[in-house]
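A.B. asks:
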Amino acid sequence: MMKTYLWMGMLMVMSICKAHEGRNFVHSDMLKTMSANDKAAIVMVYFGTTHDDTRTLTIDRLTAQVQETFPDFKVREAYTSRTVIQRLAKRDIAKKTPLEELDWLKRHGYTHVIVQPTTLIEGVEMEALRREVAGVSGDFKDIRVGTPLLYTPEDYRAVAATLGTVPSEGRAVVWVGHGTYIPATAQYAMLGDVMNVEGHEHHFVVTLEGYPMLSDTEARIGKSGAERVVLCPLMFVAGDHAKNDIAGEIKEQLEAKGFQVETILKGLGEYEGIRAVFIDHIRFSLHHKMTDIVERKKVYATPGYEYRHDE
Numbered sequence: 001m002m003k004t005y006l007w008m009g010m011l012m013v014m015s016i017c018k019a020h021e022g023r024n025f026v027h028s029d030m031l032k033t034m035s036a037n038d039k040a041a042i043v044m045v046y047f048g049t050t051h052d053d054t055r056t057l058t059i060d061r062l063t064a065q066v067q068e069t070f071p072d073f074k075v076r077e078a079y080t081s082r083t084v085i086q087r088l089a090k091r092d093i094a095k096k097t098p099l100e101e102l103d104w105l106k107r108h109g110y111t112h113v114i115v116q117p118t119t120l121i122e123g124v125e126m127e128a129l130r131r132e133v134a135g136v137s138g139d140f141k142d143i144r145v146g147t148p149l150l151y152t153p154e155d156y157r158a159v160a161a162t163l164g165t166v167p168s169e170g171r172a173v174v175w176v177g178h179g180t181y182i183p184a185t186a187q188y189a190m191l192g193d194v195m196n197v198e199g200h201e202h203h204f205v206v207t208l209e210g211y212p213m214l215s216d217t218e219a220r221i222g223k224s225g226a227e228r229v230v231l232c233p234l235m236f237v238a239g240d241h242a243k244n245d246i247a248g249e250i251k252e253q254l255e256a257k258g259f260q261v262e263t264i265l266k267g268l269g270e271y272e273g274i275r276a277v278f279i280d281h282i283r284f285s286l287h288h289k290m291t292d293i294v295e296r297k298k299v300y301a302t303p304g305y306e307y308r309h310d311e
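To convert, note that position 208 of the sequence shown is 208 in UniProt numbering; the numbers rise steadily by one, no gaps.
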């Protein structure tokens with residue numbers, strides 16, 4: 001059954017990855033549609049963290065880099081985790097949800113908005129964000145949601161190249177992501193496959209939830225001949241999961257199998273190559289708009305319409 005779900009997920013991922021190549025997006029220059037009194041903004045959306053150390057090195061760094069890269073835009077932040085927002089509020093640190101941030105932009109006269117998530121995959125967080133934005137799309141002249149870190153084959157290769165900079169000579173490098181129980185979990189397996197294809201055979205991708213779990217990968221790690229393992233979080237920030245699950249339970253599980261284990265608790269947001277992918281996604285959104293499959297189907301149903309193979 002797991003294999004069936006995995007293949008279903010892989011098919012879904014591959015269809016998603018066609019998006020930048022054609023029919024899922026159309027060329028549309030946001031800036032050229034703006035009039036003299038219009039105002040543009042970028043909302044960087046993070047899950048969030050209560051850990052100040054990793055927030056400074058990841059979230060704050062990317063937000064600042066986006067503002068530097070796009071100086072004509074107002075750059076704002078939003079957190080999706082209500083728990084994180086509530087805990088930070090008790091420390092007098094105010095963070096808004098995406099909808100609260102969009103309401104602020106509306107009230108301050110912003111008309112054109114790019115909402116850029118920092119999620120890894122096209123999973124439940126992306127689905128929720130897209131639905132929220134769709135619900136307030138009428139409040140703006142143009143609002144677009146960017147794509148997650150792993151979307152096109154080019155994204156996978158770029159991420160693999162960055163992860164591959166962690167040395168694997170004489171050891172196995174295990175990247176631990178959060179994971180999900182929906183078919184999108186196949187994106188983690190796809191990243192592991194791309195890592196292998198790109199020549200990083202001693203790099204492995206596992207998840208805390210979904211597939212592949214560490215138990216699914218232990219045999220492959222053993223067959224690699226490595227006696228030492230370095231654990232790295234495949235997460236934007238190195239917060240609770242990194243410090244407790246990865247440096248705790250996962251580390252202990254591998255040590256029980258006889259491996260010598262060390263950890264590199266460095267969030268993905270600390271890597272320049274990862275931040276570059278998100279910035280590239282913002283650039284893409286400035287010049288392309290996602291098409292609506294429902295509207296496309298209406299076009300396909302028009303009498304006399306002839307389907308083209310590239311659609």
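For every residue, glycine included, the Cβ atom is placed at its ideal position computed from N, Cα and C.
If you follow the beta strand (DSSP E) that Pro153 is in, where does it begin and where does it stop?
C.D. replies: Counting along the chain, Pro153 falls outside any beta strand (DSSP E), though it belongs to the alpha helix (DSSP H) covering 153 to 163.
A.B. asks: For Pro98 and Glu169, what's the separation of their Cα atoms in angstroms?
C.D. replies: Each residue's alpha carbon lies about 42 Å from the other.
A.B. asks: To the nearest angstrom, how far is it from the Cα of Leu149 to the Cα of Glu201?
C.D. replies: Near 22 Å, if we compare the C-alpha coordinates of Glu201 and Leu149.
A.B. asks: Once DSSP output is grouped into helix, strand and coil, what is the label at Asp142?
C.D. replies: It is a strand residue.
A.B. asks: Going along the chain, which residues of its own chain have a beta-carbon closer than 6 Å to the beta-carbon of Thr119, five neighbours each way excluded?
C.D. replies: Once the five neighbours on either side are set aside, the close Cβ partners of Thr119 are Glu125, Met126, Pro148.
A.B. asks: Okay, do the region 97 to 115 and the region 39 to 47 touch, 3+ Cβ pairs below 8 Å being the bar?
C.D. replies: With the cut-off at 8 Å, the region 97 to 115 and the region 39 to 47 touch.
A.B. asks: Rounded to a whole number of angstroms, what is the C-alpha to C-alpha distance between Leu268 and Ala276?
C.D. replies: Taking the straight line joining both Cα atoms gives about 11 Å.
A.B. asks: According to DSSP, is Thr302 part of a helix, a strand, or is it coil?
C.D. replies: Residue state, collapsed to three classes: coil.
A.B. asks: Whose C-beta lies closer than 6 Å to the C-beta of Arg242 among residues of the same chain, with five residues either side of it excluded?
C.D. replies: This sequence places Ala at residue 242; Arg is not what is there. Here the set comprises Pro233, Leu265.
A.B. asks: Checking the sheet assignment: what are the DSSP bridge partners for Thr263?
C.D. replies: DSSP output for Thr263 lists Leu231 as bridge partner(s).
A.B. asks: Using the beta-carbon count (16 or more within 10 Å), is Gln260 buried or exposed?
C.D. replies: Exposed: under 16 other Cβ atoms inside 10 Å.
A.B. asks: Phe204: which of Arg283, Pro167, Val173, Asp103 sits nearest, CA to CA?
C.D. replies: Comparing Cα positions, the closest option is Val173.
A.B. asks: Quick one: Cα of Leu231 to Cα of Thr185, how far?
C.D. replies: So the two alpha carbons sit approximately 20 Å from each other.
A.B. asks: Going by DSSP, what residues sit across from Val75 in a beta bridge?
C.D. replies: Its beta-bridge partners are Ile42.
A.B. asks: Take the Cβ of Ser35 as the centre, count every other Cβ of all protein chains shown within 10 Å, and call the residue buried at 16 or more, exposed below.
C.D. replies: With fewer than 16 Cβ atoms within 10 Å of its Cβ, Ser35 is classed as exposed.
A.B. asks: Do you know offhand how far Leu57's Cα is from Tyr46's?
C.D. replies: Leu57 and Tyr46: Cα-Cα distance of roughly 14 Å.
A.B. asks: Quick one: what does DSSP say Gly170 is sitting in, helix, strand or coil?
C.D. replies: Of the three classes helix, strand and coil, the one that applies to Gly170 here is coil, per DSSP.
A.B. asks: Measure the CB-CB distance between Asp29 and His281 and report whether it falls below 9 Å.
C.D. replies: No, they are not a contact pair.
A.B. asks: I'd like to check one pair, Thr63 with Met44: are the Cβ atoms closer than 9 Å?
C.D. replies: Yes; because the gap between Cβ atoms is below 9 Å, this pair is in contact.
A.B. asks: Within its chain, find whatever has a CB closer than 8 Å to the CB of Gly199; leave out the 5 residues flanking it on each side and keep chain order.
C.D. replies: Result list for Gly199: Gly164, in chain order.
A.B. asks: Taking the alpha helix (DSSP H) that Ile85 falls in, what are its first and last residues?
C.D. replies: That run of the alpha helix (DSSP H) goes 82 to 89.
A.B. asks: So the alpha helix (DSSP H) Ile279 belongs to, where does it begin and stop?
C.D. replies: 272 to 287 is the extent of the alpha helix (DSSP H) around Ile279.
A.B. asks: With DSSP as the reference, label Val197 as helix, strand or coil.
C.D. replies: Note: Val197 maps to helix in three-state DSSP.
A.B. asks: With burial defined as no fewer than 16 other Cβ atoms inside 10 Å of the residue's Cβ, what is the status of Pro71: buried or exposed?
C.D. replies: Label assigned to Pro71: exposed.
A.B. asks: Can you name the start and end residues of the beta strand (DSSP E) that Val66 belongs to?
C.D. replies: Run containing Val66: none in the beta strand (DSSP E); it sits in the alpha helix (DSSP H), 59 to 69.
A.B. asks: Looking at the secondary structure, which residues open and close the alpha helix (DSSP H) in which Thr118 lies?
C.D. replies: Where Thr118 is concerned, there is no enclosing alpha helix (DSSP H), given that its DSSP letter is neither H nor E.
A.B. asks: Over what stretch of residues does the alpha helix (DSSP H) that includes Leu268 continue unbroken?
C.D. replies: No alpha helix (DSSP H) contains Leu268, which DSSP labels as neither H nor E.
A.B. asks: Give the straight-line distance between the Cα atoms of Ser137 and Ala301, rounded to the nearest whole angstrom.
C.D. replies: Near 26 Å, if we compare the C-alpha coordinates of Ala301 and Ser137.
A.B. asks: I'd like the list of long-range same chain contacts for Gly222, defined as Cβ closer than 7 Å, with 5 residues on each side in sequence excluded.
C.D. replies: Here the set comprises nothing.
A.B. asks: On a CA-only basis, which of Asp139, Trp175, Glu122 is nearest Thr152? Give me that one, please.
C.D. replies: The candidate whose alpha carbon is nearest that of Thr152 is Glu122.
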